[in-house]
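Numbering (the numbering used here), first residue to last: 58 to 331.
Just so you know, even glycine gets a beta-carbon here, dropped at the ideal spot from N, CA and C.
Predicted model, so just to flag it, every value in this text is computed and none were measured.
Here is the structure we will look at, set down as C-alpha cells.
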C-alpha cells in the first residue's frame, strides 16, 4: 500500500514538473509517466528509473501494443536461456498473437528466405535463424523509433518537438549489422554511448543509444536493443526543412503519431496503420 502511494505521489510531482505530453507537439496535457523503452523490453521487466517522459493517455495506450512487439523483437538475439526468460518470452508471444492476429504467421520465413540464410556468407557474427519481418512488424518498430526519438529529444533538450516538425525514422536488423549494411554516416554523427543507469546498475547489454544536436539544426538519435535490432531517427523542427531522406519513413508529432511520408503534416495518417 505504501509503495503504491509513493508511486502515485512521485507521478503527481512528475506531472507538475512536466505538464504536457511530449508526443503531441505540446498541445495535450500529460496524464501518465511514460517509460521509454517500456519495462517489457527488459529481461524480468527490470529497468532503471531513467528516461521517463510525460505522455497523455491516448499516446500511452496507442503505443502499448507496438511496444509489446518491440519487446519481443528485443529478444531475437541472443536467445533467452533461463526458465524465467522463456516464460517471459512465451507471455510476449501470446500477447502479440492476441493484439495482432496473423503477425506471428507473417514472421515465418519462406523456403527461399531459409535457403538464402543458410547460404549467406557472413564474415563476422553468429549463425542467425531467418525471420520474415513484414509490414505489420515493421510498422510497430517504426512506432517505437518515432516514440524514442521524441522522448530522447525531450529528455535531453527539455523541449517538446512542435506539431509542425518532421521525424524521419528507420530501423536495422542484426543481419544488417553483421553484414555491414548499416550506413557509416550514422556512426560519424555520434561521439558517446548512453544507457539507463541506477546507481552502479545499468542495462548496457540490453539497450544503448546515442544522440546529437546542434543549435538550429536537426536532432538525431540511434539506439540498439541487445544484438537484435536498432532504430534511428532525425527530427527537424520545421517539416519543410527536411532534405530527401532515402529509405526513411517520415512522421509528424501528435498521436496517433502521423505517418506523413512525402506529404504535409496536415495530410498525415496514423503510423500504426499497415
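For the alpha helix (DSSP H) that contains residue i, what are its first and last residues?
| i | result |
| --- | --- |
| residue 170 | 168–176 |
| residue 193 | 192–214 |
| residue 161 | 160–163 |
| residue 245 | 241–246 |
Quickly, what does DSSP pair residue i with across the bridge? List them, please.
| i | result |
| --- | --- |
| residue 155 | Residue 155 pairs with nothing; no bridge assigned. |
| residue 259 | 254 |
| residue 293 | 223 |
| residue 288 | 228 and 280 |
Less than 6 angstroms between C-beta atoms, sequence neighbours within five positions excluded: which residues of the same chain meet that for residue i?
| i | result |
| --- | --- |
| residue 299 | 223 and 293 |
| residue 263 | 99 and 283 |
| residue 124 | 95 |
| residue 229 | 239 and 287 |
| residue 85 | 78 and 113 |
| residue 72 | 87 |
| residue 197 | 123 and 126 |
| residue 319 | The pLDDT assigned to residue 319 is 35, lower than 50, so where the model puts this residue is not dependable; a value taken from the coordinates is nonetheless given after this. Excluding positions up to five away in sequence, the list is empty. |
Should residue i be listed as close to the ligand COA, given that the test is whether its C-beta is under 7 angstroms from any heavy atom?
| i | result |
| --- | --- |
| residue 218 | As far as ligands go, the structure on display features none, and thus does not contain the ligand COA. |
Between which two residues does the beta strand (DSSP E) holding residue i run?
| i | result |
| --- | --- |
| residue 109 | 109–112 |
| residue 269 | 264–270 |
| residue 230 | 223–230 |
| residue 306 | 306–309 |
| residue 279 | 276–282 |
Looking only at its chain, what residues have a beta carbon closer than 7 angstroms to the beta carbon of residue i, apart from the 5 residues adjacent to it on each side?
| i | result |
| --- | --- |
| residue 187 | 166, 170, 171 and 174 |
| residue 69 | none |
| residue 249 | 267 |
| residue 52 | The structure shown does not extend to residue 52, since the chain spans only 58 to 331, so no value can be given for it. |
| residue 74 | none |
| residue 163 | 189, 191, 193 and 194 |
In chain order, what residues of the same chain lie with their CB nearer than 8 angstroms to the CB of residue i, ignoring the 5 residues before and after it?
| i | result |
| --- | --- |
| residue 180 | For residue 180, the predicted model reports a pLDDT of 49, less than 50, meaning its position is unreliable; a value from the coordinates is still stated below. Cβ neighbours of residue 180 beyond the five flanking positions: none. |
| residue 271 | none |
| residue 76 | 86, 87 and 111 |
Segment contact, 8 angstroms Cβ cut-off, at least three pairs: the segment 133–144 with the segment 153–173: no
Meets three-Cβ-pair contact criterion under 8 angstroms: the segment 236–247 and the segment 86–105: no
Contiguous beta strand (DSSP E) assignments of at least 3 residues, all confined to the segment 78–147: 89–92 and 109–112
Three or more C-beta pairs below 8 angstroms linking the segment 191–211 and the segment 263–282: yes
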